[in-house]
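Down below is the structure, laid out as structure tokens.
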Amino acid sequence: MEISSKEKFIIEESYPYLEAFLLEDDSFYPFAMILTNKMIARPIDPDIQEEFPSSEYLIDLLEYQIRQRLYEEQYILGVICIDLLFDSNQNGVEFRLISSSSEKKLYLKYTIEDNKVQWMKP
Numbered sequence: 223m224e225i226s227s228k229e230k231f232i233i234e235e236s237y238p239y240l241e242a243f244l245l246e247d248d249s250f251y252p253f254a255m256i257l258t259n260k261m262i263a264r265p266i267d268p269d270i271q272e273e274f275p276s277s278e279y280l281i282d283l284l285e286y287q288i289r290q291r292l293y294e295e296q297y298i299l300g301v302i303c304i305d306l307l308f309d310s311n312q313n314g315v316e317f318r319l320i321s322s323s324s325e326k327k328l329y330l331k332y333t334i335e336d337n338k339v340q341w342m343k344p
């Protein structure tokens, strides 16, 4: 799947967050980032109403907040990062890329070795 330079940029900006979460807990709750029209990526801090929300609840909330911010026209792209288990021993991340005109999903596998996240080539 072809991805744009902006999509690649926001995914790369998410790596430090992903790596921090994975090295601390070996997994993570879904989280999102939004890209401004000045190419600044910012994490989204959702207003969570539950103490222990489900992943589905968070994904829906983050998707709603991305769409709201895209509507404001000062943002051009959002990404939701979701921790996945492909099979019994292969972890990965789903990057759900959302713009005002399209939506894409990209999957990237990873391993954790020697306290370092190794990203596999797509």
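Each residue of the sequence shown is one higher than the last, beginning at 223 in this note's numbering.
Positions of the beta carbon are idealized from the N, C-alpha and C atoms, including for glycine.
DSSP state of residue i mapped onto helix, strand, coil
{"i": "Glu335", "result": "strand"}
{"i": "Phe250", "result": "coil"}
{"i": "Ile232", "result": "helix"}
Residues near residue i in its chain [Cβ-Cβ closer than 6 Å; skip 5 each side]
{"i": "Ile298", "result": "Leu257, Asn259"}
{"i": "Phe308", "result": "Gly314"}
{"i": "Met342", "result": "Lys331"}
Short Cβ contact (8 Å threshold) for residue i with residue j
{"i": "Val339", "j": "Tyr332", "result": "yes"}
{"i": "Pro268", "j": "Leu284", "result": "yes"}
{"i": "Glu316", "j": "Lys327", "result": "yes"}
Same chain, Cβ closer than 7 Å to residue i, neighbours up to 5 away in sequence not counted
{"i": "Ser236", "result": "Met255, Val301, Cys303"}
{"i": "Ile232", "result": "Met255, Leu257, Ala263, Leu299, Val301"}
{"i": "Glu335", "result": "none"}
{"i": "Ser322", "result": "Leu292"}
{"i": "Tyr239", "result": "Phe253, Pro265"}
{"i": "Gln296", "result": "Thr258, Asn259"}
{"i": "Ser249", "result": "Asp305"}
{"i": "Tyr279", "result": "Glu272"}
Self-check item: Continuous beta strand (DSSP E) assignments of at least 3 residues falling wholly in the segment 269-330
Solution: 297-309, 312-320
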